[in-house]
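Visitor: Chains as they are written, first to last, in our numbering: chain U, 43 to 355; chain Z, 52 to 413.
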């Protein structure tokens, strides 16, 4: 101990101050949110399953649309329960439920994301136009918005599908049609307050066109509400798609779809004999929706800590 | 430094805003922000525009740069009438007149990188100089005293003074003839103010810039300006070369304003007479009749209530003349604090009531 020179200064731990951008800060907050991390992991698994659906099924030797009338049904022609051959049992036509669930993930999530993407794009553009130009443009878009928001979604969706026929494209467009309005309303509100900021006036004094102001100046300031709304809207559209399928207005048969599978199970009260036909598609649907919602909440909290603080108080 | 050539002139410019909801008779209340203002800015000079907060300085600046449409009057820039030019016609002129804004936080888009903010003008008007846009922007950053390596940072990473330098670099990008500085230093610390003021002066020498310098800080204006114009409630009440206005001001308002200027020497500060104006700045929605300053003017007389004064030449000629808008201007040796208001409060009150509910049918 006495060997230590008395003059040696105490070595203070080196602290470096790192400048963190808003995204880095958001990521730090997100990392601490365990619920959101679990939800993200579940989402990742479901999305990977959807992407690699053909690989998974060929590895297991199952075809989602193969009707095995001989080995897939029992002697009375009823579906088989979960077993080693069919992990989650078979349906009324002898098709493997697991294989159909795996393929159904593609349809459900694909339609959910695609319809939300279209809705957000339309909503953002119309919201920008309404908020930026105000006046007559705003009045027209606001009225349109009121009309769409006032429509009973399922009823109107049923009518639209009945008119345009059943196809994945129609389903996507119908879902998008009923979900752009809220996005437009959010964007419009943000733009109305943003357009009074001095940097917009600065852009105008530089001679920037309205298009440039909307897409170069305003849009980058809207990224966070857009991401938040996107992540919260996808599960809504997945469920609405399932509702349409349950009502027999979804993707045409025989394509596997979670809502359609529940609908099939309901036909003729089959679910009273074969619980697995409702339990598994329903369970996956609930799990996906829950994971997406929790993930959306986590993203919102991470991107906008003010809201988080308000909610916790 | 300055020639006699006029770069920008305004004559009889007025700007009114509709405020609030519609009134009882379907008419809208109007706020008269700028009222019948005439001024000239010569090439290469700095014209200081001073006045209290809310007196219409910024509105006037935005009218002159045509960010606002004017209701009356004409604006001539570089020999061209720009009063009624549309957005597209103004576009090429935008590169010749730029603005520096007051709020270094609000005037920079928080979600864009500094390089692209400064390069905006080049993106809009086309790349004019030598080299790529990035090279030009980095050169500008160097000119205004920023580290060019900070090209990819966000405004949040900079201090107030540095942000104001970003704003200056953006205004400078197209080498404009006129820069309107709208209170460019009032949001900054005093020590930073001096740096930015010096930078503006250096740039003026280097690039032959003309400034319209708006401020409520008289010391800053006195330091940087060649001529000044004093604004009160939307009107220019006195203008002239900075020395003459500061030493021989003739308008009671200018005199009162100058007496409020802080003096560093406490002994000198104790000795001078501080003129404290009675009352608040009247609402521009219902400005007082006659001379707009009369309710607060210690020297006001009966005719001030009814007669609207005009900006008259007091001494000198041309753009360098000292002008004053007052029916009873002060002599250089007269002391404003020796006057007691001759207009009774009751008259002022009655007058305010008569004009207070004025509505303009629209």
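The beta-carbon is built from N, C-alpha and C at its ideal position, and this holds for glycine as well.
Computed from a prediction, not measured in an experiment: that's the story for all the values here.
Which residues in chain U sit within 7 Å of residue 116 of chain Z, going by Cβ to Cβ distance?
Guide: Within chain U, the residues near residue 116 of chain Z are 247.
Visitor: Could you compute how far the alpha carbon of residue 102 of chain U sits from the alpha carbon of residue 300 of chain U?
Guide: Going by the C-alpha atoms only, they are around 20 Å apart.
Visitor: Taking buried to mean at least 16 other C-beta atoms within 10 Å of its own C-beta, is residue 342 of chain U buried or exposed?
Guide: So residue 342 of chain U counts as buried.
Visitor: Cβ of residue 263 of chain U less than 9 Å from any chain Z Cβ?
Guide: Taking Cβ atoms only, chain Z reaches closer than 9 Å to residue 263 of chain U, which makes this a yes.
Visitor: Taking all protein chains shown into account, do 16 or more other C-beta atoms lie within 10 angstroms of the C-beta of residue 270 of chain Z, making it buried, or fewer, making it exposed?
Guide: So residue 270 of chain Z counts as exposed.
Visitor: Applying the criterion that 16 or more other CB atoms from any shown protein chain within 10 Å of the CB defines a buried residue, is residue 94 of chain U buried or exposed?
Guide: By the neighbour-count rule (16 or more Cβ atoms within 10 Å), residue 94 of chain U is not buried but exposed.
Visitor: Any C-beta of chain U sitting closer than 9 Å to the C-beta of residue 404 of chain Z?
Guide: Low per-residue confidence applies at residue 404 of chain Z: pLDDT is 44, beneath 50, and the placement is therefore not dependable enough to give any value.
Visitor: Does residue 157 of chain U have its Cβ less than 9 Å from a Cβ in chain Z?
Guide: Answer no: the Cβ-Cβ gap between residue 157 of chain U and chain Z never drops below 9 Å.
Visitor: Does the CB of residue 136 of chain Z have a neighbour CB from chain U at under 9 Å?
Guide: So, not an interface residue.
Visitor: Return the CA-CA distance between residue 155 of chain U and residue 276 of chain U, expressed in angstroms with no decimal places.
Guide: Between residue 155 of chain U and residue 276 of chain U, the C-alpha separation is close to 6 Å.
Visitor: Below 7 Å CB to CB, which residues in the same chain sit around residue 225 of chain U once its five sequence neighbours on both sides are set aside?
Guide: Same-chain partners within the cutoff: 161, 162, 165, 166, 169, 271.
Visitor: Does residue 313 of chain Z pass the burial test, meaning 16 or more other C-beta atoms within 10 Å, or should it be called exposed?
Guide: Classification of residue 313 of chain Z: exposed, given that the 10 Å Cβ count is below 16.
Visitor: Anything in chain Z within Cβ reach of residue 243 of chain U, meaning under 7 Å, just list it in chain order.
Guide: 118, listed in chain order.
Visitor: Quick check: the segment 174–187 of chain Z against the segment 259–278 of chain Z, are at least 3 beta-carbon pairs closer than 8 Å?
Guide: No, the segment 259–278 of chain Z does not touch the segment 174–187 of chain Z.
Visitor: State buried or exposed for residue 108 of chain U, treating a residue as buried only when at least 16 other CB atoms are found within 10 Å of its CB.
Guide: Exposed, because fewer than 16 other Cβ atoms sit within 10 Å of the Cβ of residue 108 of chain U.
Visitor: Using DSSP with H/G/I as helix, E/B as strand and the rest coil, what is residue 56 of chain Z?
Guide: Note: residue 56 of chain Z maps to coil in three-state DSSP.
Visitor: Check for me: the alpha helix (DSSP H) holding residue 292 of chain Z runs from which residue to which?
Guide: Element bounds for residue 292 of chain Z: not the alpha helix (DSSP H) but the beta strand (DSSP E), 286–292.
Visitor: Could you tell me whether any Cβ in chain U is nearer than 9 Å to the Cβ of residue 61 of chain Z?
Guide: Judged by the 9 Å Cβ criterion, residue 61 of chain Z is not in contact with chain U.
Visitor: Under 7 Å, CB to CB, which of the residues in the segment 227–240 of chain U have a partner in chain Z?
Guide: Listed by position, the residues of the segment 227–240 of chain U near chain Z (Cβ gap below 7 Å) are 239, 240.
Visitor: So for residue 315 of chain U, helix, strand or coil by DSSP?
Guide: Three-state DSSP puts residue 315 of chain U in coil, outside helix and strand.
Visitor: Are the C-beta of residue 171 of chain Z and some C-beta of chain U separated by less than 9 Å?
Guide: Cβ-Cβ to chain U under 9 Å: yes for residue 171 of chain Z.
Visitor: Just the Cα atoms here: how many angstroms apart are residue 70 of chain U and residue 199 of chain Z?
Guide: So the alpha carbons of these two residues sit roughly 29 Å apart.
Visitor: For residue 317 of chain U, does the count of other Cβ atoms within 10 angstroms reach 16, so buried, or fall short, so exposed?
Guide: Exposed: under 16 other Cβ atoms inside 10 Å.
Visitor: Tell me the rounded alpha-carbon separation between residue 133 of chain Z and residue 145 of chain Z.
Guide: The straight-line gap from Cα to Cα measures roughly 11 Å.
Visitor: Interface residues of chain Z around residue 127 of chain U at Cβ under 8 Å?
Guide: Within 8 Å Cβ-Cβ: nothing; residue 127 of chain U doesn't reach chain Z, min ~56 Å.
Visitor: Looking only at its chain, what residues have a beta carbon closer than 7 Å to the beta carbon of residue 286 of chain Z, apart from the 5 residues adjacent to it on each side?
Guide: Only 86, 87, 88, 343, 376 meet the Cβ criterion.
Visitor: From the beta carbon of residue 250 of chain U, is the nearest beta carbon of chain Z less than 9 Å away?
Guide: At least one chain Z Cβ lies under 9 Å of residue 250 of chain U.
Visitor: Roughly how many angstroms lie between the CA atoms of residue 209 of chain U and residue 151 of chain U, to the nearest whole one?
Guide: About 16 Å.
Visitor: Using alpha carbons as the reference points, say which of Z:364, Z:129, Z:369, Z:283 lies closest to residue 347 of chain Z.
Guide: Here the closest residue by C-alpha is Z:283.
Visitor: Buried or exposed for residue 369 of chain Z, please, with buried defined as at least 16 other CB atoms from any protein chain shown within 10 angstroms of its CB.
Guide: Result: exposed.
Visitor: Taking its Cβ as the centre, do 16 or more other Cβ atoms sit within 10 Å of residue 83 of chain U, making it buried, or is it exposed?
Guide: Residue 83 of chain U comes out exposed.
Visitor: Along chain U, which residues have their Cβ under 8 Å away from the Cβ of residue 145 of chain Z?
Guide: Ordered by position in chain U, the residues that pass the 8 Å Cβ test against residue 145 of chain Z are 247, 248, 249.
Visitor: Could you please give the first and the last residue of the uninterrupted beta strand (DSSP E) stretch that includes residue 84 of chain Z?
Guide: 79–93 is the span of the beta strand (DSSP E), which, as asked, contains residue 84 of chain Z.
Visitor: Just the C-alpha distance for residue 248 of chain Z and residue 214 of chain Z, rounded to the nearest angstrom, thanks.
Guide: Each residue's alpha carbon lies about 14 Å from the other.
Visitor: Quick one: residues in its chain with C-beta nearer than 8 Å to the C-beta of residue 164 of chain Z, no 5 flanking neighbours on either side, listed in chain order?
Guide: So the qualifying residues of the chain are 202, 203, 204, 205.
Visitor: Show which residues of chain U have a CB atom less than 7 Å away from the CB atom of residue 163 of chain Z.
Guide: Residues of chain U passing the Cβ test: 262.
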